[in-house]
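For the sequence shown, the UniProt record's numbering assigns the number 1 to the initial residue and increments by one for each residue that follows. Ideal Cβ positions, reconstructed from N, Cα and C, are used throughout, including at glycine. Heads up: the structure comes next, in structure tokens.
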Amino acid sequence: MTDVFVQIAVDQPMPVLFDYRYALPEPPAVGSLVLVPFGRREVVGLICEVIATSDVPADKLRNVSAVCSACPPLSDVWIALAGFAADYYQRGLGEVALPALPQALRDASRWNRLFAVDERYRLLPAGRAQLPDALPARASALRRLADALAEQASLGMSDARALHPRASATFEDWLARGWIELAESSDGATTEAAQAGVPPTGSAALPVLTDEQRDAVEAISGAEGFAPFLLHGVTGSGKTEVYLHALAELLAARPDAQALVLVPEINLTPQFEAAFRARFATLAEGSIVTMHSGLAEGERARNWLAAHTGSARIVLGTRLAILASMPRLAIIVVDEEHDPAYKQQEGLRYSARDLAIYRAKQLGIPVVLGSATPSLETWWQAEQGRYTRLTLTRRAVAEAVLPSVRLIDLEEERRRGRASVEGLAGPLIAALKTRLERGEQSLVFLNRRGYAPILSCDACGWVAGCPRCSAYAVLHKPERALRCHHCGWEARIPKSCPDCGNIDIAPMGRGTQRVEETLASVVPGARVLRIDADSTRRKGSAQALFSDVHAGEVDILVGTQMIAKGHDFRRVTLVGVLNADTALFSHDFRASERLFAQLTQVSGRAGRAGLPGEVMIQTRYPRHALFQALTRQDYVGFANSTLAERREARLPPFVYQAMLRAEGRTLEAALAFLEEAAAAFGTLPGADRVTVYDAVPLTIVKVFNVHRAQLLLESASRAALQASLRAWQPVLRSLKGVLRWSVEVDPQDV
Ligand code: ADP
Ligand code: ZN
Ligand code: ZN
């Protein structure tokens, strides 16, 4: 028998494939996952090529140890997608492909249990009657198994194993006794109507589309080949309904087609998932799966396999789902496409929205980017006619109109001697009281959690700081702690100034906790609820808090951007915005774009049902163009003037950027690395068309005792930038002196 060789991608920071000899009984296939010896370890890799001869000397070649037969091979198209992402973001193929897989697939010891994962068992009446008495008295693990079977319609083997390590032997025994049965696989339960993806009966309950919605759905459904759409719809205009209809038509027309729907944060928008589950309730069980980092590993693997094998028709996921294997993918939706959450901020720093566009182009399918405030990159594409613009100008619910936006001029309030209480201006307090009297809900938004960002001593000027970061420690009152929001450092609140002993140390500025406290005193009788990363730390607690709001058990909701996203609060008629000014003067050129989007989002929570909504923004700069555009609800004006400024200043989307970041034990080390890298850059192909800026420290230069600096590169030619970055990689790898470095293409924070 002649030898066969394979080229394998592994998750290593090297842009190469590795050759191995393949001598397993199963025929080798491109796209299969394999276990291979790598150095002194064994790692999981992906077969990218099957070859007849290898350039590696025979005595250096090692053998593939095992192949994962439980996972059908990944397609060439999927490997090409991972390859594109690797090229574009300056990584090795394996660094993209393997982390894109669920953990269970990257761990070879779990391979032979992968399909068992799908095996589900159901309690039979005989078992229900006899099992409880048959269990030995102290067999608590067995009892948990029996209870789980009794409580759930069916129990998966992976969950069963978590309850009892010998679950499979136990189940064999119980099967033999006729107490349980293997639940039918979800495929078997499919009906014809379900296959066709027809909306559930009782379609009387479906809203009649507005003309604008109908036009949008028709444009999407009628598209052929690669068709990028920008669905630009004001908040509450019913974008979700457009997605639902477009998907229903497509899934009905093609009974095997799959759809991928991306959302920024699945846990914060349970209504969105609920809408899909309700609308596609007649699809076979298991046809809608979710993919996000909050899933348990077993479920993540099951859902991934369902998408990979095609049994999942709709995948609802966060950014990581963009690399899901979906062999019959026919449409991609990116909801709230402007949301920064689509950008992965560590490891492979990809933009799921940009990859969605690439993926749609690769497959020749439609992609719908939806937003009330599209990113300027997307808006520019639409302006040039590269993306088809679909516009929803009105709120979908007949009575609902967009809220009016009013600016409260803090300077004028002060000049006129109208006191604000703890940062809440008089008119806002009055408006909050009126809402309480009318039994309507209010929402107070500020983007800062904790009680106060600064704790300081008046006598000597001491300020509480994080010992590990160049940042202030944030005062958290309910937790009675000082916390660093950058590294997690925590300490008790000192009773007196550690420097001079003064006991009058005082908080400066305010965060959500302090505003919550203030609201309780200035709006007596109001039930105030705070929602931020601190109040929702426990799993599932955000959902519980939001349902209190929906149930009307809350009068005033105060929170960070967590409350701005996607929620359809029916009874909110007032939105107050505090502390928006800080973002106006950021050094990051995208700060104003983000602020506009955020304020539009949070404003959009008001007046969604019949009651008119009002938004009050406290500011020292009421004449600022951004606020003026907001009061006119004028995204288009804001976008076009901001684009004009960007063009003038030669900023994205008119140029392409990349960032080299370095982390060192000292700032000098980080800067020296970047300067050496910059010096070497000049000689690379394409470098003459790239501008290299000076290396600079990050605003918060030290985090967890690591010093950080960055170097910005910019070019009018994406190709030139890409080519030079590619050629730069080996140079960067040869440089020493820093703890870590990374290249980010299209950085969002500059
Ligand atoms: P968006 O995502 O554009 O902010 P949503 O999709 O959340 O808006 O829709 C806002 C509200 O309007 C939802 O309660 C939705 O059920 C409702 N809605 C959407 N389309 C229609 C329609 N054609 N008729 C009546 N109500 C609708
Ligand atoms: Zn002091
Ligand atoms: Zn810190």
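If I follow the unbroken alpha helix (DSSP H) through residue i, where does it start and stop?
{"i": "Gly127", "result": "Pro125 to Ala134"}
{"i": "Ala275", "result": "Pro270 to Arg279"}
{"i": "Arg214", "result": "Asp211 to Ser221"}
{"i": "His476", "result": "That residue, His476, is in no alpha helix (DSSP H); its beta strand (DSSP E) goes Val474 to His476."}
{"i": "residue 811", "result": "Beyond the ends of the chain as shown, which are 1 and 750, falls residue 811; an answer cannot be given."}
{"i": "Glu663", "result": "Here Glu663 belongs to no alpha helix (DSSP H); instead the beta strand (DSSP E) covers Tyr656 to Gly664."}
{"i": "Gln628", "result": "Ala625 to Thr631"}
{"i": "Ala181", "result": "As written in the sequence, residue 181 is Glu, which differs from the Ala given in the question. No alpha helix (DSSP H) contains Glu181, which is instead part of the beta strand (DSSP E) from Ile180 to Leu182."}
{"i": "Ile288", "result": "That residue, Ile288, is in no alpha helix (DSSP H); its beta strand (DSSP E) goes Ile288 to Met291."}
{"i": "Val77", "result": "Asp76 to Tyr88"}
{"i": "Phe585", "result": "Unbroken run through Phe585: none, as it is neither H nor E."}
Is it buried or exposed for residue i, if we count other Cβ within 10 angstroms and need 16 for buried?
{"i": "Leu123", "result": "buried"}
{"i": "Ser203", "result": "Interpretation of Ser203 is limited by its pLDDT of 47, a score under 50 that renders its predicted location unreliable; no figure is taken from the coordinates."}
{"i": "Phe18", "result": "buried"}
{"i": "Ile180", "result": "buried"}
{"i": "Lys60", "result": "exposed"}
{"i": "Gly559", "result": "buried"}
{"i": "Asn112", "result": "exposed"}
{"i": "Ala189", "result": "Low per-residue confidence applies at Ala189: pLDDT is 32, beneath 50, and the placement is therefore not dependable enough to give any value."}
{"i": "Asp746", "result": "buried"}
{"i": "Ser734", "result": "exposed"}
{"i": "Gln258", "result": "buried"}
{"i": "Pro13", "result": "exposed"}
{"i": "Leu732", "result": "buried"}
{"i": "Thr518", "result": "buried"}
Residue range of the beta strand (DSSP E) that residue i falls in?
{"i": "Tyr20", "result": "Phe18 to Tyr22"}
{"i": "Val701", "result": "Val696 to Val703"}
{"i": "Ala52", "result": "Ala52 -> no beta strand (DSSP E), and no H or E assigned at all."}
{"i": "Trp741", "result": "Arg740 to Val745"}
{"i": "Pro498", "result": "Per DSSP, Pro498 belongs to no beta strand (DSSP E) and is neither H nor E."}
{"i": "Gln618", "result": "Glu614 to Thr619"}
{"i": "Val315", "result": "Ile314 to Gly317"}
{"i": "Ala330", "result": "Leu329 to Asp335"}
{"i": "Gly511", "result": "No beta strand (DSSP E) holds Gly511; DSSP gives it neither H nor E."}
{"i": "Phe229", "result": "Ala227 to Gly233"}
Would a C-beta distance cut-off of 8 Å place residue i and residue j closer than the cut-off?
{"i": "Met326", "j": "Leu260", "result": "yes"}
{"i": "Arg120", "j": "Ala150", "result": "no"}
{"i": "Gly664", "j": "Phe654", "result": "no"}
{"i": "Val334", "j": "Arg353", "result": "yes"}
{"i": "Leu455", "j": "Ile505", "result": "yes"}
{"i": "Arg661", "j": "Arg708", "result": "yes"}
{"i": "Phe681", "j": "Gly576", "result": "no"}
{"i": "Leu10", "j": "Phe38", "result": "Rather than Leu, the amino acid found at residue 10 in this sequence is Val. Yes. Within cutoff."}
{"i": "Arg608", "j": "Ala400", "result": "yes"}
{"i": "Ala687", "j": "Ser724", "result": "yes"}
{"i": "Ser592", "j": "Val405", "result": "no"}
{"i": "Pro622", "j": "Leu355", "result": "no"}
{"i": "Val690", "j": "Ala719", "result": "no"}
{"i": "Ala306", "j": "Val289", "result": "yes"}
{"i": "Val397", "j": "Gly552", "result": "no"}
In terms of alpha-carbon separation, which member of the options lies closest to residue i?
{"i": "Asn705", "options": "Leu105, Cys484 and Asn63", "result": "Cys484"}
{"i": "Arg650", "options": "Ala695, Phe589 and Ala709", "result": "Phe589"}
{"i": "Pro453", "options": "Leu482, Arg468 and Ser470", "result": "Leu482"}
{"i": "Asp147", "options": "Met157, Arg138, Leu163 and Ser158", "result": "Leu163"}
{"i": "Tyr382", "options": "Asn640, Glu668 and Val50", "result": "Residue 382 is actually Ala in this sequence, not Tyr. It is Asn640 whose Cα lies nearest to the Cα of Ala382."}
{"i": "Gly298", "options": "Val572, Val515 and Leu101", "result": "Leu101"}
{"i": "Ala183", "options": "Phe171, Thr170, Arg161 and Ser154", "result": "Ser154"}
{"i": "Leu529", "options": "Lys539, Val522, Gly540 and Thr512", "result": "Thr512"}
{"i": "residue 752", "options": "Leu209, Leu135 and Phe638", "result": "For residue 752 there is no data in the structure shown, the boundaries of the chain being 1 and 750."}
{"i": "Ser109", "options": "His232, Leu35 and Thr536", "result": "Leu35"}
{"i": "Gly31", "options": "Leu739, Leu376, Arg21 and Ala80", "result": "Ala80"}
{"i": "Asp409", "options": "Ala398, Leu424 and Gly613", "result": "Leu424"}
{"i": "Ala321", "options": "Gly178, Ser75, Ala564 and Pro264", "result": "Pro264"}
{"i": "Glu422", "options": "Ala551, Ala520, Ile331 and Asn447", "result": "Ala520"}
* the region 277 to 297 contacting the region 70 to 81, beta-carbon criterion three pairs below 8 Å -> no
* Asked: Touch check for the region 575 to 587 and the region 471 to 479: three-plus C-beta pairs under 8 Å?
  -> no
* Three or more C-beta pairs closer than 8 Å, one from the region 49 to 57 and one from the region 314 to 322: is that the case here? -> no
* To do: Take every Cβ of the region 613 to 629, pair it with every Cβ of the region 420 to 431, and state whether three or more of those distances are shorter than 8 Å.
  => yes
* Pair every Cβ in the region 541 to 558 with every Cβ in the region 483 to 500, then say whether three or more of these pairs are closer than 8 Å. => no
* Could you tell me whether the region 407 to 414 touches the region 247 to 263, where touching means 3 or more Cβ pairs closer than 8 Å? => no
* Mind the definition here: the region 129 to 136 touches the region 264 to 281 only if three or more C-beta pairs lie below 8 Å; say whether that holds. => no
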